[in-house]
Amino acid sequence: MSQEKVDRYKEQKKNRKAIQAKKKRNALITKVCASLIALALVAWLGYSIADSYEKKQNSGPVTADVTALDDYVMSLDAE
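Once you know that position 48 of the sequence shown is 48 in this note's numbering, the rest is easy, because the numbers rise by one and skip nothing.
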């Protein structure tokens with residue numbers, strides 16, 4: 001091996017623990033951030049679904065004119 005490779009290897013070996021710790025820390029930060037983003041999306045989706053369901057449930061009374069249906073049933077009974 002050339003002297004440059006030997007020096008680079010020695011430097012990496014000397015700092016191996018710090019390098020591994022930094023990699024683990026970055027991986028943990030990435031996982032935590034991804035989890036928080038996923039949790040936020042799930043919470044937003046759940047809130048959105050619950051809100052739209054509540055709006056549909058509380059839309060007010062429904063009225064319908066059924067006089068034509070009553071007239072038809074009366075005409076069937078008369079026969």
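Glycine included, C-beta positions come from ideal geometry on N, C-alpha and C. Note that the structure is a prediction, hence the values are computed from the model and not measured.
query, result
"Three-state secondary structure (DSSP) of N26", "helix"
"Rounded C-alpha distance that separates S48 from R25", "34 Å"
"Every unbroken alpha helix (DSSP H) within the region 16–79, with a cutoff of 4 residues, ordered by chain", "16–57, 67–78"
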